[in-house]
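Undergrad:
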Amino acid sequence: MTTTPAANVDLLRGLYQLLTDGDIDQAAEHLTEDFVANQPGRPEPTIGRDPWKQGTQYMLAAFPDLKVTIDDIFGHEDKVVVRLHFDGTHQGPFVDIPPTQRRVTFRSLELYRIKDGKVAEEWVAPDTMDLMRQLTA
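Just so we're aligned, residue 400 is where the sequence shown starts under the working numbering, counting upward by one.
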């Protein structure tokens with residue numbers, strides 16, 4: 400199944416909306432079963448929907464009102480690039496930091512590979528330095 404860049408962009412817009420809505424299970428349906436996540440600080444990628452769901456649940460437990468806003472998005476062939484930012488309130492533990500009740504905003508630049516109408520791989524570069532600065536200031 401071949402998809403168009405416009406359809407791939409729509410796929411990512413839908414995925415981010417589901418994340419904002421907190422619907423992790425439905426969002427995971429937008430991923431291939433062998434989805435590959437490439438993340439900073441990890442020597443090897445994680446494989447599969449379950450690790451992605453666990454990471455997403457962890458973020459939503461720490462920031463239950465997390466909102467995703469797309470600042471720029473474009474597709475080319477089987478890739479989609481997204482520049483976005485996250486807004487939320489730190490209401491649960493996050494990397495050994497107890498809840499601070501602080502509002503935080505941090506950015507990310509993300510690249511996705513689409514296969515057969517689903518997200519097959521991601522490379523994410525969140526600004527975790529800025530997030531940690533806000534949580535520990």
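For each residue, glycine too, the CB sits at the ideal point set by N, CA and C.
#1: Let me check understanding here. Comparing Cα to Cα, which of Asn-407, Asp-515, Phe-505, Lys-514 lies closest to Met-458?
#2: I'd like the span of the alpha helix (DSSP H) that includes Val-494, first residue to last.
#3: Rounded to whole angstroms, what's the CA-CA distance from Leu-530 to Thr-499? Just pull it up for me.
#4: Check whether the region 402-409 touches the region 472-484, counting contact only when three or more Cβ pairs, one atom from each stretch, lie closer than 8 Å.
#5: Apply the 10 Å Cβ neighbour rule to Ile-513 and answer buried if 16 or more other Cβ atoms are within range, or exposed otherwise.
#6: Do you know how far the Cα of Leu-483 is from the Cα of Tyr-415?
#7: For the alpha helix (DSSP H) containing Asp-420, name the first residue and the last one.
TA: Here's the rundown:
#1: Of the candidates Asn-407, Asp-515, Phe-505, Lys-514, the one whose C-alpha sits nearest the C-alpha of Met-458 is Phe-505.
#2: From DSSP, Val-494 is part of no alpha helix (DSSP H); its letter is neither H nor E.
#3: Each residue's CA atom was taken as its position, placing Leu-530 and Thr-499 some 12 Å apart.
#4: Contact between the region 402-409 and the region 472-484 is present: 3 or more CB-CB pairs across the two stretches fall below 8 Å.
#5: Here Ile-513 is buried: its Cβ has 16 or more other Cβ atoms, across all protein chains shown, within 10 Å.
#6: Answer to the nearest angstrom: the Cα atoms are 10 Å apart.
#7: Where Asp-420 is concerned, the enclosing alpha helix (DSSP H) stretches over 404-420.
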